[in-house]
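Student: So that we are looking at the same thing, I have put the structure below in structure tokens.
Below, the structure is given as structure tokens:
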């Protein structure tokens with residue numbers, strides 16, 4: 001079964017507010033994004049949904065109090081990176097930095 005690509009969203013867009021507040025009149029739009037987030041949705045052997053983001057696997061952890069945001073933890077138990085998505089599994093943000101993983105990405109997931 002082929003994994004589905006769910007979303008392709010700029011990870012830097014939420015932290016680049018200073019681009020809009022520049023006083024120069026020559027550029028009215030921000031520069032093109034450099035980091036893209038690719039989310040693939042797959043099913044595990046135990047019939048659980050797993051997201052693969054740029055080669056890192058994430059397992060569903062829980063919801064927020066109002067059940068509007070899903071929290072996903074890195075599948076590597078020693079890693080502390082969390083991913084936040086909406087209910088349609090579209091990227092919202094990372095808790096911390098996406099490069100804070102304590103391990104290398106899964107090479108099979110990058111292909």
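Residue numbers (full-length UniProt numbering): 1 to 111. Ideal Cβ positions, reconstructed from N, Cα and C, are used throughout, including at glycine.
Could you tell me which residues DSSP pairs with residue 53 in its beta bridges?
Tutor: Note: residue 53 sits in a beta bridge opposite 39, 56.
Student: Cβ of residue 106 within 9 Å of Cβ of residue 57?
Tutor: Cβ distance < 9 Å, so residue 106 and residue 57 count as in contact.
Student: The beta strand (DSSP E) that contains residue 70, what's its start and end?
Tutor: Residue 70 -> beta strand (DSSP E) spans 70 to 74.
Student: Would you mind reading off the limits of the beta strand (DSSP E) that contains residue 83?
Tutor: Counting along the chain, the beta strand (DSSP E) containing residue 83 begins and ends at 82 to 85.
Student: Report the rounded CA-to-CA distance for residue 49 versus residue 40, giving the unit in angstroms.
Tutor: Going from the Cα of residue 49 to the Cα of residue 40 covers about 10 Å.
Student: Can you find the residues in the same chain that come closer than 6 Å, C-beta to C-beta, to residue 102, ignoring five residues on each side of it along the sequence?
Tutor: 78, 79.
Student: Given this structure, state the Cα-to-Cα distance separating residue 108 from residue 84, to the nearest angstrom.
Tutor: Residue 108 and residue 84: Cα-Cα distance of roughly 23 Å.
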